[in-house]
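Going left to right, the sequence shown walks through residues 0 to 313 as numbering that gives the first Met the number 0 numbers them.
Quick reminder that beta carbons are idealized off the backbone N, C-alpha and C, glycines included.
Working notes, structure below.
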Amino acid sequence: MRLLIIALILFPSLCFSQIDKIPVQDGMELRPKFFQTSIFYNKKRTAIVVGTEIALSTGTLIGLSQIWYKDYPHTTFHFFNDNGEWEQMDKAGHAITAYTVGRYGIRLLEWSGVKRTKAIWFGGLTGFVYQGAIEMFDGYSSGWGFSIGDIAANATGCGLLIGQEYLWDEQRISFKYSFHKTDYAIYRPELLGKNWNEQILKDYNGQTYWASANIASFLKEENKFPKFLNIAFGYGANGMTGGHFNPIMTNAAGNIITLDRYRQYYLSLDIDLTKIPAHSYFLKTVFETFGFLKIPAPGIEISQGKLSGKILMY
């Protein structure tokens, strides 16, 4: 466990072996604006990236330990097969989290002036290493265990990220997340979350995972199709108050509460924020930062054998 956490903290620094001088013109060093990507290796930016990743990784791991693990005693390391739980929503979450963290990793290393190939590999694998540390926490918790299925999902997310960088030199298909509050958490708040901050992580009923494809990037360069408009395919599930099945629950009158578990499939429009024209490096950074969120838009849902339309889908 300690080795994984140390690897997580030191991982970004492994790629900073190149030493390129800052270019000089007319006796003046050419320094990029803060939010502008550096074309040369930048030591100060390296320090910012490493320091930020240490702080964020440490903070989120501590936060998760309080939210997820505080009610479960530690035990010896063990494996756990959870591949059939939550209608595989947790596996989709693992893949997209690994993808998103890795995407940030790549962009941060590019911002620091790290060479493209190193940025793709070292940055792209950040999500896998980060979630590997979380998986080790699971392995020592009596409530969970080390899941091979989770590791496979993490690897899938990283593979989708790195593969697109090499195949297209961009992310034509972005993997995104959306959440809406549900009423299911009131039945089992200790499992699905007592408040919004916990439910956004725990309540799979309110989560939707998306594959958002940028249409214009698949067309010829001279196409007139809006470059920021995407079509998104979503997956969700509903009616879940337990992993494999819903436990028996009763209302105040003693009547059994019956909840149907079912999968949901979505088709919706979406916006690729990174494709919106912006001359400000700050705005470009904001768009990249929040690009993992599905933008509410009209769409259709297929679930329980029915097709229905929605004015706003998120």
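Exercise for review: On a CA-only basis, which of Tyr186, Arg262 and Ser302 is nearest Ala251? Give me that one, please.
Suggested key: Nearest option by C-alpha distance: Tyr186.
Practice item. Run the CB neighbour count on Phe289, radius 10 Å, all protein chains shown included, and call it buried at 16 or more, exposed below. Key: Exposed.
Check your understanding: Which residue's Cα is closest to the Cα of Asn153: Glu109, Lys193, Tyr98 and Arg171?
Key -> In terms of CA proximity to Asn153, Tyr98 leads the group Glu109, Lys193, Tyr98 and Arg171.
Review point. Are Phe127 and Gly138 touching if we call contact CB-CB under 7 Å?
Key: Result no, Cβ atoms of Phe127 and Gly138 do not sit closer than 7 Å.
Check your understanding: Cα separation between Arg260 and Asn237?
Key -> For Arg260 and Asn237, the gap between their C-alpha atoms comes out near 6 Å.
**Study point:** Residue from Met312, Thr284, Tyr313 and Gln303 whose Cα sits closest to the Cα of Arg102
**Key:** It is Thr284.
Exercise for review: Just list the beta strand (DSSP E) runs in the stretch 191–267, keeping only unbroken ones of 3 residues or longer that don't cross its boundaries, in chain order.
Suggested key: If we require 3 residues or more, the beta strand (DSSP E) runs fully inside the stretch 191–267 come out as 206–213 and 228–237.
Check your understanding: Where do the N-terminal and C-terminal ends of the beta strand (DSSP E) with Ala296 fall, by residue?
Key -> Per DSSP, the unbroken beta strand (DSSP E) holding Ala296 starts and ends at Ala296 to Ser302.
Review point. Anyone know if the C-beta pair for Ser302 and Gln263 falls short of 7 Å?
Key: Yes, they are a contact pair.
Review point. Does any CB atom of chain B fall closer than 7 Å to the CB of Gly205?
Key: Looking for chain B here will not work: only one protein chain is present.
Review point. What are the boundary residues of the beta strand (DSSP E) that Lys316 is part of?
Key: No answer is possible for residue 316: the residues shown for the chain start at 0 and end at 313.
Exercise for review: Please work out which residues of its chain come closer than 8 Å, Cβ to Cβ, to Pro297, disregarding the five sequence neighbours upstream and downstream, and give them in chain order.
Suggested key: Ser267, Leu268, Gly308, Lys309, Ile310, Leu311 and Met312.
Point to revise | the stretch 172–186 in contact with the stretch 197–206 per 3-pair CB rule at 8 Å | key: Yes, since at least three Cβ pairs between the stretch 172–186 and the stretch 197–206 fall closer than 8 Å, the two stretches touch.
Practice item. Take the Cβ of Asn80 as the centre, count every other Cβ of all protein chains shown within 10 Å, and call the residue buried at 16 or more, exposed below. Key: Its Cβ having fewer than 16 others within 10 Å, Asn80 is exposed.
**Study point:** Span separating the alpha-carbon of Asp182 from that of Leu63
**Key:** Per the coordinates, the alpha-carbon of Asp182 lies some 23 Å from the alpha-carbon of Leu63.
**Study point:** Distance, Leu306 Cα to Glu134 Cα
**Key:** Cα-Cα distance, rounded: 37 Å.
Review point. For Ala314, which option in Phe291, Ile255, Tyr203 and Glu84 has the closest C-alpha, if you only look at C-alpha atoms?
Key: Residue 314 falls outside the range modelled here, since the chain spans only 0 to 313, and no answer is possible.
Check your understanding: What first and last residue would you give for the alpha helix (DSSP H) that runs through Phe127?
Key -> Thr125 to Gly138 is the extent of the alpha helix (DSSP H) around Phe127.
Check your understanding: Does the distance from the CB of Asp202 to the CB of Ala184 come in under 7 Å?
Key -> In contact: Asp202 and Ala184 (Cβ atoms closer than 7 Å).
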